[in-house]
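Notes for the one structure printed next.
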Amino acid sequence: MIPKAREVRLKPKVRKVLEARCRAPTTAQRDVKRARIVLLAAEGRSTRSIAEEVGVEPRIVSNWRRRFAERGLDGLKDRPRAGKKPIYGKATNKRILGLLNKPPPHGYARWTGPLLAKALGDVDVQYVWRFLREHNIDLAARKSWCESNDPAFAAKAANVVGLYVNPPAKAIVL
Numbered sequence: 206m207i208p209k210a211r212e213v214r215l216k217p218k219v220r221k222v223l224e225a226r227c228r229a230p231t232t233a234q235r236d237v238k239r240a241r242i243v244l245l246a247a248e249g250r251s252t253r254s255i256a257e258e259v260g261v262e263p264r265i266v267s268n269w270r271r272r273f274a275e276r277g278l279d280g281l282k283d284r285p286r287a288g289k290k291p292i293y294g295k296a297t298n299k300r301i302l303g304l305l306n307k308p309p310p311h312g313y314a315r316w317t318g319p320l321l322a323k324a325l326g327d328v329d330v331q332y333v334w335r336f337l338r339e340h341n342i343d344l345a346a347r348k349s350w351c352e353s354n355d356p357a358f359a360a361k362a363a364n365v366v367g368l369y370v371n372p373p374a375k376a377i378v379l
C-alpha cells in the first residue's frame, strides 16, 4: 500500500514568506524549489505532479512535505552537515584575546599573527589569522605611535614633546 502524502496547510504569513522566496532573484535555487514544492502541496496537488512540475524525484517532494509538516519553515533549511570537528575552542579564543591585551614580548613594538601563534605555543598561525579576521581585529590598528623597542625612546620622545609644549621663539612646529 502506498502511503498517503502529508497534507500541507499554510497560514497566510507563511504563504507570503514562501511566495517571496520564489520571487526573490537572490534566493538560492534549492530554496526556491523547496518553497514551490510546499506551495504546490498546499494547493492539494499530488506528489507526482509536483515532482514533474518542479523537476525533481517524487521522493524529494515527499521529503520536503514531511519536513515542512514536522517543523514548518525551519524544516526547509539545510541540516548541519558532517565535517571535521573544530580543533580550537572558546578557551583558545580567550587565550588569543588575553594576549592581545598584554604588551608584546621584549623587542617587539606590536603583536603579529606569527608572534601570537608562537606565544600561544599550540595554535596554528592560520587559525590565529582566521580568528582575528572573523572578529575584525586589525593588529596594525592596535599599534600605538609611542610604542618602540628603542631603549632611548623615552628620552627622544620627551625632546619632541618638549618642542610642542615649549616651542622656541619664532619657530613653527609641525
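Here the working numbering is used: the first residue of the sequence shown is 206, the next is one more, and so on.
For every residue, glycine included, the Cβ atom is placed at its ideal position computed from N, Cα and C.
Check: Rounded C-alpha distance that separates residue 212 from residue 290; Outcome: 38 Å
Check: Check whether residue 241 and residue 258 have beta carbons under 9 Å apart; Outcome: yes
Check: Cβ-Cβ separation, residue 266 to residue 255 (assumed contact under 8 Å), whole Å; Outcome: 5 Å
Check: Beta-carbon spacing of residue 318, residue 344 below 9 Å; Outcome: yes
Check: Reduced DSSP category for residue 279 - H, G, I as helix; E, B as strand; rest coil; Outcome: helix
Check: Straight-line gap, residue 273 to residue 247 (C-alpha atoms, nearest Å); Outcome: 11 Å
Check: 7 Å CB neighbourhood of residue 367 in its chain, flanking five on each side removed; Outcome: none
Check: Closest residue to residue 305 among 333, 287, 312, 329 (Cα-Cα distance); Outcome: 333
Check: Buried versus exposed, by CB contacts within 10 Å (16 or more), residue 210; Outcome: buried
Check: Whole-angstrom distance between residue 326 and residue 294, CA atom to CA atom; Outcome: 15 Å
Check: Contact under 9 Å by Cβ, residue 288 with residue 219; Outcome: no
Check: Secondary structure of residue 254, DSSP reduced to three states; Outcome: helix
Check: Contact check, residue 298 vs residue 336, beta carbons under 9 Å; Outcome: yes
Check: Assigned exposure category for residue 231 - 16 Cβ within 10 Å defines buried; Outcome: exposed
Check: Sequence-distant residues of its chain with Cβ nearer than 7 Å to residue 376 (five each side left out); Outcome: none
Check: Opening and closing residue of the alpha helix (DSSP H) in which residue 243 lies; Outcome: 234-247
Check: Check whether residue 153 and residue 324 have beta carbons under 9 Å apart; Outcome: For the chain, the structure presents residues 206 to 379; residue 153 sits outside this window and is missing.
Check: Cα-Cα separation between residue 331 and residue 222, rounded to whole angstroms; Outcome: 40 Å
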